[in-house]
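Structure first, then comments.
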Amino acid sequence: MSQGRMVQIEQDILGKNNEYASHNRSYFQEKGIFTLNLVSSPGSGKTTLLTRSIEDLKARHRVSVIEGDQQTANDAERIRETGVKALQINTGKGCHLDAHMVGHAVESLNPEEKSLLFIENVGNLVCPAAFDLGEAHKVAILSVTEGEDKPLKYPDMFHAADLIILNKTDLLPYLDFDVEKCIEYAKRVNPDIEVLQLSARSGEGMQAWYQWIESRMSA
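For what it's worth, this note's numbering labels the leading residue of the sequence shown as 2, then goes sequentially.
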């Protein structure tokens, strides 16, 4: 297949995805469903962050979750244990969720109006960057157990995100992770990106995350 043909196929796929994303976004706005797309590499602590967030927020907000993984329903089962609705999407060999999948999931999940919807994407810092799901914001979760140069290695993802969560900060005393350098690299890729530092396990910094959510919901 020629390079030109491959580019055309990619453009067609992304164009169709953007149509579905636009439809999803209109639906979310009409129903007042504030939607966050959580993206990260595997092992960043995304699901732990999500379950703790749900436990702390569910008294104030109606919450539901769409879970994306290549296989298993393990994460969706963990989410349901918090008492909120969760729907699992298994992508098989696919490395990301797309807007069409999310649209079908929303039909089945039926999130309540004026609610909070988390989409936990497949663990991958490459493919999900290109696929708009109709979310209000992409939130990139980066564990301090990873390299601080991740924003430079995966610039498309950090350029697409509105917020970086530096997770597992309770481990910083035991690591050589350079927080300031990581933030510098992220700002080099995306000057407007915001950064929060927290530990989903210890709870340190979680209130700032909740305040960020509340402020964006009210806006």
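Note that the Cβ used here is the ideal one computed from N, Cα and C, for glycine as well.
query, result
"Buried or exposed: where does Ala201 fall if 16 or more other Cβ atoms within 10 Å of its Cβ makes it buried?", "buried"
"What are the start and end residues of the beta strand (DSSP E) that includes Asp70?", "64 to 70"
"Does DSSP classify Thr36 as helix, strand or coil?", "strand"
"Pull up the distance between the alpha-carbon of Glu108 and that of Val145, whole angstroms please.", "36 Å"
"Have a look at Ile165, Gly148, Phe132, Cys128 and flag the residue whose alpha-carbon is nearest the alpha-carbon of Ala141.", "Ile165"
"On the CB-based measure, 16 or more other CB atoms within 10 Å of its CB, does Thr170 come out buried or exposed?", "buried"
"For the pair the region 148 to 161 and the region 88 to 106, tell me if three or more CB-CB distances fall below 8 Å.", "no"
"Just curious, the beta strand (DSSP E) that Ala141 is in, first and last residue?", "138 to 144"
"Contact between the region 167 to 184 and the region 63 to 80: three or more CB pairs below 8 Å?", "no"
"Can you give the Cα-Cα distance for Ala22 and Asp150, rounded to whole angstroms?", "30 Å"
"My understanding is that Lys59 touches Thr83, with C-beta atoms under 8 Å, so please give their C-beta distance in whole angstroms.", "7 Å"
"Assign Ala106 to buried or exposed, taking buried as 16 or more other Cβ atoms, counted over all protein chains shown, within 10 Å of its Cβ.", "buried"
"How would you write the range of the alpha helix (DSSP H) that Asn91 sits in, first residue to last?", "Unbroken run through Asn91 is the beta strand (DSSP E), 86 to 91; no alpha helix (DSSP H)."
"Does Gly204 pass the burial test, meaning 16 or more other C-beta atoms within 10 Å, or should it be called exposed?", "exposed"
"For Glu136, which residues from the same chain have a beta carbon less than 7 Å from its beta carbon, with the 5 sequence-adjacent residues on both sides left out?", "Thr36, Leu37, Asn38, Ile120"
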